[in-house]
Amino acid sequence: MNQTLNDLINFIRNPKLEKDPNQNPLYKIKILIHLLWISISISFLLSLVNSLFTSLGVLHENRHIADNFFKDSSGLKILFLASFLAPIAEELIFRAPLVLFKQPKLFKIVFYTIGIIFAYVHVFNFEINTNVILFSPLLVAPQLFVGFIFGFIRIRLGLLWSICLHGLYNGLLVSSFLIATNGNS
Numbered sequence: 004m005n006q007t008l009n010d011l012i013n014f015i016r017n018p019k020l021e022k023d024p025n026q027n028p029l030y031k032i033k034i035l036i037h038l039l040w041i042s043i044s045i046s047f048l049l050s051l052v053n054s055l056f057t058s059l060g061v062l063h064e065n066r067h068i069a070d071n072f073f074k075d076s077s078g079l080k081i082l083f084l085a086s087f088l089a090p091i092a093e094e095l096i097f098r099a100p101l102v103l104f105k106q107p108k109l110f111k112i113v114f115y116t117i118g119i120i121f122a123y124v125h126v127f128n129f130e131i132n133t134n135v136i137l138f139s140p141l142l143v144a145p146q147l148f149v150g151f152i153f154g155f156i157r158i159r160l161g162l163l164w165s166i167c168l169h170g171l172y173n174g175l176l177v178s179s180f181l182i183a184t185n186g187n188s
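Following the numbering used here, the numbering of the sequence shown begins with 4 at its first residue and continues without gaps.
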């Protein structure tokens with residue numbers, strides 16, 4: 004796990020278009036699991052920061068546009084969309100093109116730019132108001148970091164692996180939300 008975390012940090016600091024030479028499927032599954040754990044941990048820590056700002060009254064509770072969707076749709080439909088369709092579409096749009104940028108400096112610029120765009124697309128998950136605009140860096144920070152992680156696995160292991168990681172990540176988050184909301188009903 005430490006090696007995966009170190010490789011990830013080094014890649015984010017200086018992204019390079021370098022495929023991992025180890026093509027062993029078990030090795031790739033191990034990396035996928037490590038990156039899933041790292042992604043969930045980062046998102047959890049950032050949600051604690053968001054909760055702290057909310058409890059201090061600095062960040063107001065923001066309505067998430069998915070709230071109505073969750074109310075009006077079945078759990079299986081939501082889980083299918085979030086863990087299957089969205090990851091395929093988003094990885095094809097945001098991570099698939101990364102390998103087209105062969106020049107190192109251009110690759111680095113594109114990698115960071117796509118990561119920021121991916122994160123900020125998710126600001127539209129909220130009803131836009133002044134509070135959301137002011138705190139957008141904090142609100143989209145989880146997507147920024149996991150977007151970089153999805154980019155890392157895409158470059159190192161391939162597009163299918165970034166789709167799988169994205170799907171597992173979304174699936175775990177949505178499943179947790181569905182379990183929590185069904186438990187409160």
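We treat Cβ as the ideally placed atom computed from N, Cα and C, and that holds for glycine.
Since we're looking at a predicted model, the values are computed, not measured.
For this session: Taking only the alpha-carbon atoms, compute the straight-line gap between His-37 and Val-149 and give it to the nearest angstrom.
Result: Along the sequence shown, read from residue 1 onward, the residue named residue 37 stands at position 34. Along the sequence shown, read from residue 1 onward, the residue named residue 149 stands at position 146. Those two C-alpha atoms are separated by around 13 Å.
Exercise. Comparing alpha-carbon positions, which option in Gln-26, Leu-11, Lys-111 and Val-52 lies nearest Trp-40?
Worked result: Counted from its first residue, the sequence shown places residue 40 at position 37. Trp-40 has its Cα closest to that of Leu-11, out of Gln-26, Leu-11, Lys-111 and Val-52.
Exercise. Does DSSP put Pro-47 in a helix, a strand or coil?
Worked result: Within the sequence shown, residue 47 is the residue found at index 44, counting from 1. Strictly speaking, residue 47 in this sequence is Phe, with Pro absent from that position. DSSP places Phe-47 in helix when its eight states are reduced to three.
Problem set entry | Cβ contact (3+ pairs, closer than 8 Å) linking the segment 165 to 174 and the segment 86 to 93 | yes
Exercise. Taking the C-alpha atoms as reference points, what is the distance between Ile-120 and Asn-128?
Worked result: For the purposes of this step, residue 120 is taken as the residue at position 117 of the sequence shown. For the purposes of this step, residue 128 is taken as the residue at position 125 of the sequence shown. About 14 Å.
Exercise. From this set, Val-177, Ser-165 and Ser-178, which residue's C-alpha is nearest Lys-31's C-alpha?
Worked result: Residue numbering aside, residue 31 sits at position 28 when the sequence shown is read from its first letter. Closest option to Lys-31, judged by alpha-carbon separation, among Val-177, Ser-165 and Ser-178: Ser-165.
Problem set entry | Run of the alpha helix (DSSP H) containing Val-113, from where it starts to where it stops | Taking the sequence shown and counting its residues from 1, the one referred to as residue 113 is at position 110. Residues 107 to 124.
Exercise. Who are the Cβ neighbours of Ile-117 in its own chain at under 8 Å, not counting the five residues just before and after it?
Worked result: Position 114 of the sequence shown holds residue 117. Counting only residues of its own chain and dropping the five nearest sequence neighbours on each side, Ile-117 has a CB closer than 8 Å to the CB of Phe-97, Arg-98, Pro-100, Leu-101, Gly-150 and Gly-154.
Exercise. Distance, Cα to Cα, Tyr-115 vs Leu-168?
Worked result: Your numbering for residue 115 matches position 112 in the sequence shown. Your numbering for residue 168 matches position 165 in the sequence shown. So the alpha carbons of these two residues sit roughly 19 Å apart.
Problem set entry | Residue from Thr-184, Leu-141, Leu-181 and Leu-163 whose Cα sits closest to the Cα of Ile-45 | By one-based count along the sequence shown, residue 45 stands at place 42. Closest by alpha carbon: Leu-141.
Exercise. Assuming Ser-86 contacts Val-177 under a Cβ cut-off of 8 Å, what Cβ separation, rounded to an integer in Å, is found between them?
Worked result: Counting from 1 along the sequence shown, the entry for residue 86 is found at position 83. Counting from 1 along the sequence shown, the entry for residue 177 is found at position 174. About 6 Å separates the CB atoms of Ser-86 and Val-177; that is less than 8 Å, so the two are in contact.
For this session: Give the secondary structure of Phe-129 by DSSP, where H, G and I count as helix, E and B as strand, and everything else as coil.
Result: Taking the first residue of the sequence shown as 1, we reach residue 129 at position 126. Phe-129 falls in the strand class under three-state DSSP.
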